[in-house]
Amino acid sequence: MIKELVLGLRFTITQMLRKPLTVQYPEEQKPVFPRHRGRHILHRYDNGLERCIGCELCAAACPVGCIYVLAAENDPKNPVSPGERYAERYEINLMRCIYCGYCAEACPTEAITLGPQYDLAEYRRERTVVTKAELLESWPRFAQARGPASPVGAGADSTARADPDPGISPRVAWDAAETVHGAPEAPQPGDLGVPTHVPTVTEPESRDRR
Amino acid sequence: MAQKPPTQPDDGHVAVSIDGHETRVPKGTLVLDAAAGLGIHIPIYCAHPKMEPVAVCRMCLVHIERFPKPQPACATVVADGMAVTTDSAEVTKIREGMLEFLLLNHPLDCPVCDRGGECDLQDFTFRYGPSVSRFPITEKVHFNKAVPLSEHIELDQERCILCWRCVRYYDEITGEKEIVLEQRGVQTLVTTFNEQPLRSSFQGNLPEVCPVGALTHRQYRFVSRPWDLQRTAGVCPECSYGCNLNVDSRDFEIRRFASRDNPLVEDMWLCDRGRYSFPKWNSTERVRRPAVRPRAGRARDTAVGEAIAAAANELRAVIDAHSPSAIGVMGSAESTNEELFLLQRLARDVIGTRNIDHQLGSFDGITSEEHALGIAEIEECDALVVLGVEPEEEAPVLTLRLFKAQHKRGRRVHRVARDADPAGVVKAMGATTLTGVIADETNREHAVLVATALARKGAVRRMTVTRGVNGRGAKDLGVLPNVLPGYRAAPPGGKNGREILEAAAAGAIHALLITGPNAALERAGELLDRALQRAESVIVVETRPGKVASAATVLIPGHAIFEKLGTVTNIEGRVQRVRPALPPAAQTPSDTRVLAALAAELGAKGWERSDPMSVNRALREAVPAYAEAGSGGRALWTAERVA
Amino acid sequence: MTGAALLAGPDPRDGAEGFAAHTARLGALPSGRHGLIDTLERAGLRGRGGASFPTATKWRSVASRRGDSVVLVNGAEGEPLSQKDRVLMESRPHLILDGAVLAARATGARQIVHYIGAAHAGALAAMRRAINERPDAERRLMRLVEAPQRYVSGEETAAVHFVNDGTALPTALPPRPFERGVSGRPTLVQNVETLAYVALIARHGDAWFRAVGGGGSSGTALVTVSGAVPAASVHEVDGSAVIADAVNLAGGLTSDSDAVLLGGYFGSWVPATRAWALPLDVGALSKRGLSLGSGVIGVLASSDCGVEMSARIAMYLADESSRQCGPCTFGLRAIANAMRRVATMQAGVDDLAHVQRWAGLLPGRGACRHPDGAAIMVRSALQVFADDFSLHVREHRCIVPAAVARAA
């Protein structure tokens, strides 16, 4: 009997000493697999210029039509992307997106990839439409690289401009107008039942190593 | 050799076989067109349906039996018994080879090219080309990109495939010669003559003539992709010539006008004034809410129904206090036929006034004779007399038709002074069996004199260039004090536009009913101000804020021409449909429904079916010429019909 | 071996033979109105402009058209390696004019247009003088037009186009000149050497023509020998002559030679070992897939690199393209660029393969024969200089080091 007890306890104790599998989500998040297809990321070149040229091939390839691109012409002295054309607006309706990755496949400049972020719930429908400012890779060293006195290039676009959000497309505005019209104010963080702490995504250690 | 087919009676046709399919086509048909008739596609770059063949791109080479080498389908005329092969290995190899050569120096920047998605080079490469690019980008020759040729046109020399179409467009269609192919050293480049900016008023056609993305619209630069655009068939609203066009919109804004080939009207060429006029239709300066602003009392925004009721009350008050003749009705040359038809019926049958017009001047003695000459018939006239510069300023595309008549058909075009001496015109004219006289609508009387004088030489047909997109419809449908729909004589005593305004300013007319944006009214200037101030009630159905809208006692938002359904009539009487390309800026019923509701409020019966289609049916019943014209045909007037 | 028919009489280097001397030597011009075309057919005379088209056939198609026709005497000589037309015009202008008058009579022409290269000052002067010596009746029919110095100016549609519009570019479309040419009339475009022979055949008959060829089928021919010879010169040879004879007439080789360019820039490279024994006879050559073209024999000196020469010719031809048709504008240019890269040791791995394939895409695709001719030259170069080409591409070196420096 003792033997059985010891055997049982040994199992229990070894299990007790093992590292727990539970993750304290959302305070803690597990890294995802490197090719996980989560929320999209718009990338930059090493010099900070945006890779996206606003060609809309992602929008054309998208099977559900969730991408909206409005292109504009680069100012040659202060370009946002290499070449003549850049995306002035870039929006993805994450509610509609099926995360198939066709956009990344269609992209001629490898500007868009599907990233690791998967917790995409929102309290308001229109917030699930993410704009270019949210999608674009941050580039903190850009300002240093160019020096503070000359805010040129794409960094200027995201750092020097007072309002980096280029706004939303008429298509979204149309939806938003309908939603907002007469609706009670949507719940905000801090309201009853809404967590105040919105966790940030823990990036996987390295996307290249695996 | 194949057995000759049994000879058929000579009916002007020849038998050809293309890829084994037999067909009979008229003599003189090009192999390209004969193949198209069979649904066989032959790729072309230099050939253009409106231009003479030059056969330089060699993309359309096909194998023809008994010819030693491949022949260009765009320049070879069919012969009886000809056997053409377009799908042999030889032809496929030719096409692949040609595309390979074309792509040698092409930058392949389709992702940023405005033409991407509707580019012949892209499409044909996809369809006929080799699937693998054999050329590293680094070996390509580089030229200038994004060279502005004018305020409208941008040139990308790298993308050019030297098809000569732009050069030939200037040679053959406008006769202006502004683009040249320059041979600089070892390279050939498209550039402007003497590197001067383009000055033509027809440059907007260049990007459509160009088979690739070398010539593009600056106003359309990076604006949209063709697959984003919603295309609606429309009619150019800039003048009364009635050019067919496609309205391409995205995100509820018009992004460009593209040509929609109608050989009978504009022959696929648009003028720059029309083509680049689209931004004004995207304007957010619009009348958006109905309002009632009584002369005594508080101005307020209302619902449409309330505004219509208020309008009816004001009109009824004037009729009761004075008489129906104390009401003046002003239509607009920018309204649809359906609206104009309802408006004149409302004025004459419901209100009972004879004071109705659509613009200021007098149209005494107007007859359908003024519009006898059709646009395509210009080419059939032996001689053409154009009085003054106004007709071509008002309707620029007319110039291209005259050029075609002169240079392709060998007709004589006499451009004379606006008030040229009729005897002198007759003297300068050689023998002619059919003469066309083209005048502006402000020059009607003189055109009559010239036409009468010319009638001694032979038949004469007149064309009168009306003002406003539907100026012709307004006249056909009797929005004039002196004629009823179909040019039947109206009972006398009606006041024309200027007289209505003068009477209103003098206090003789107490109420004004004004519809639509009316450029003619704006020209009245100070007289309009006085009339609007003095009138007790001003009922306005208007799209744009302005003098008239702000003076309104009852204001009802109207729908702009690209927001509604209806028909408009061009200078030659062609009744063409307009369709909504944009959602209306104001959430109000269409103008025809507003007019019908107003009539109903005034006690009229039988105005229930007031959607544009129903009104159109009523219109066709009332005006038989319009019933025969249908949609897209010409409303032709004969003496019996007018009587 | 050497022939003396066209250049018989006084030494050609002594300048133009006057009208009096010409008539005294050969007798008056026969009427030639009847049966001349048949005589030409029996003689088997072929055009000497390069294409070797049977003359009688051409004349007959012009003569059969209704209305007045035009004779266009083609002395443009745009081929840089050729001098024979010039020499003929400078020394025997009246022979050419005789031929032109006969052609006009036979085809019912009321106009003779002399189309002569603007750069050939001596020929222009000689022809101008000769025209003025002709009887009034003949002179009235003639006018002289200076042809622009372009390679394509001599092409028959280009010649007609220039006389009509002032643009020496080939026209892409039917009608051909014999249907509608100068001023819309049926036009006979004929090389000066051919016309000179017509003048002789009309006087001596077809049997004489066949005899004078000395075994060959085509009478004598004027050839220009250049390259590794003391000086470029023109010689008259008969059908029994071989290339070695022509080279010897020109003074013999000045250095070893590996290859001969036969027929001019549109001609073919022939390995020297094979070339020396080749007969200078159109029929015999065409059996071997070669063409005498405009009678050019270019001898490649051993100090020259065949690859570099071919690249240079390709560049020249690409520049001289009228740049109308796609295959020429884009294809020929691409070939020339790739060949230049090979010649200057900057070739990519695929360049040679590209040139090979592109050369196959050119023939028969253009409006005129410019791309076809260029393709013939390029293909023969690839064959004859195969080893050199691969040496250039693989090892980036040349058997003639001096040529590399020149090409760069």
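Chains as they are written, first to last, in our numbering: chain A, 1 to 210; chain B, 1001 to 1643; chain C, 2001 to 2408. Glycine residues also receive a C-beta, built at the ideal position from the N, C-alpha and C atoms. For clarity, every value in this text was computed on a predicted model and none was experimentally measured.
Next on the checklist: Quick check on the DSSP output: the alpha helix (DSSP H) that includes D2372/C runs from which residue to which?
Outcome noted: 2370 to 2384
Checklist entry - Along the stretch 2304 to 2321 of chain C, what residues have a CB closer than 9 angstroms to any CB found in chain B? => result M2315, A2318, D2319
Item to check | Where R1231/B falls, given that 16 or more other Cβ within 10 Å makes a residue buried | outcome: exposed
Checklist entry - Roughly how many angstroms lie between the CA atoms of L94/A and E122/A, to the nearest whole one? => result 10 angstroms
Checklist entry - Which word fits L5/A, buried or exposed, when buried means at least 16 other C-beta atoms lie within 10 angstroms of its C-beta? => result exposed
Next on the checklist: If I follow the unbroken alpha helix (DSSP H) through G2227/C, where does it start and stop?
Outcome noted: Segment 2221 to 2227 is the beta strand (DSSP E) holding G2227/C; no alpha helix (DSSP H) there.
Item to check | Below-8 angstroms beta-carbon distance, Q2383/C vs any chain B residue | outcome: no
Checklist entry - Would H1217/B pass as a contact of G1234/B if the rule is Cβ separation under 8 angstroms? => result no
Checklist entry - Assuming A1635/B contacts T1569/B under a Cβ cut-off of 8 angstroms, what Cβ separation, rounded to an integer in Å, is found between them? => result 6 angstroms
Checklist entry - CA-CA distance, M2377/C and E2320/C? => result 15 angstroms
Checklist entry - Who are the near neighbours of A2311/C in its chain, counting only those whose CB is closer than 6 angstroms to its CB and skipping five residues on each side? => result M2339, R2340, A2343
Item to check | At least three beta-carbon pairs within less than 8 angstroms, the stretch 2302 to 2309 of chain C to the stretch 2384 to 2393 of chain C | outcome: yes
Item to check | For I1308/B and I1319/B, the rounded distance between their alpha carbons | outcome: 16 angstroms
Next on the checklist: Applying the 10 Å Cβ sphere with the 16-neighbour rule, what's the burial state of M2309/C?
Outcome noted: buried
Next on the checklist: Between G65/A and chain B, is any beta-carbon pair separated by less than 8 angstroms?
Outcome noted: no
Checklist entry - Buried or exposed: E1338/B, going by 16 or more other Cβ atoms within 10 Å of its Cβ? => result buried
Checklist entry - What are the start and end residues of each continuous alpha helix (DSSP H) run of 4 or more residues lying completely inside the stretch 1067 to 1121 of chain B, in chain order? => result 1089 to 1104
Item to check | Straight-line Cα distance separating I1064/B from M1082/B | outcome: 7 angstroms
Checklist entry - N1355/B and P1481/B look like a contact to me (Cβ under 8 angstroms); what is the Cβ gap, rounded to whole Å? => result 7 angstroms
Checklist entry - To the nearest angstrom, how far is it from the Cα of M2127/C to the Cα of M2089/C? => result 6 angstroms
Item to check | Whole-number beta carbon distance between S1335/B and C1271/B, since they are thought to touch under 8 angstroms | outcome: With a Cβ gap of about 23 angstroms, C1271/B and S1335/B do not count as contacting.
Checklist entry - Anyone know if the C-beta pair for V1056/B and A1073/B falls short of 8 angstroms? => result no
Next on the checklist: Going by beta-carbon coordinates alone, are S1240/B and G1471/B separated by less than 8 angstroms?
Outcome noted: yes
Item to check | Interface residues of the stretch 1043 to 1065 of chain B facing chain C [CB-CB below 9 angstroms] | outcome: Y1045, C1046, P1053, V1054, A1055, V1056, C1057, R1058, M1059, L1061
Item to check | Residue-level contact to chain A via CB, A1214/B, 8 angstroms cutoff | outcome: no
Checklist entry - Who are the neighbours of C55/A on chain B, taking C-beta pairs under 7 angstroms? => result P1111, V1112
Item to check | Helix, strand or coil at T1567/B [DSSP, three-state] | outcome: strand
Checklist entry - Would A1002/B count as contacting chain C if we go by Cβ distances under 8 angstroms? => result The predicted model places A1002/B with a pLDDT of 46, which falls under 50 and marks its position as unreliable; any figure quoted below should be read in that light. A1002/B does not count as touching chain C.
Item to check | Cβ neighbours of S2153/C in the same chain (closer than 6 angstroms, five flanking residues each side left out) | outcome: A2076, G2078, A2147, A2168
Item to check | Residue from R1498/B, S1368/B, K1145/B, D1120/B with nearest C-alpha to Y1487/B | outcome: S1368/B
Checklist entry - Does any residue of chain C bring its CB to less than 8 angstroms from the CB of V1177/B? => result For the sequence presented, residue 1177/B should be read as Lys rather than Val. With 8 angstroms as the cut-off, K1177/B does not count as an interface residue toward chain C.
Item to check | Inside the stretch 1215 to 1271 of chain B only - beta strand (DSSP E) runs reaching at least 3 residues | outcome: 1215 to 1217, 1230 to 1235, 1244 to 1250, 1253 to 1259
Item to check | 8 angstroms Cβ cutoff, Q1219/B in contact with chain C | outcome: no
Next on the checklist: If I follow the unbroken alpha helix (DSSP H) through H1407/B, where does it start and stop?
Outcome noted: 1397 to 1407
Checklist entry - Are I67/A and C103/A closer than 8 angstroms when you measure CB to CB? => result yes
Next on the checklist: Does T1092/B pass the burial test, meaning 16 or more other C-beta atoms within 10 Å, or should it be called exposed?
Outcome noted: exposed
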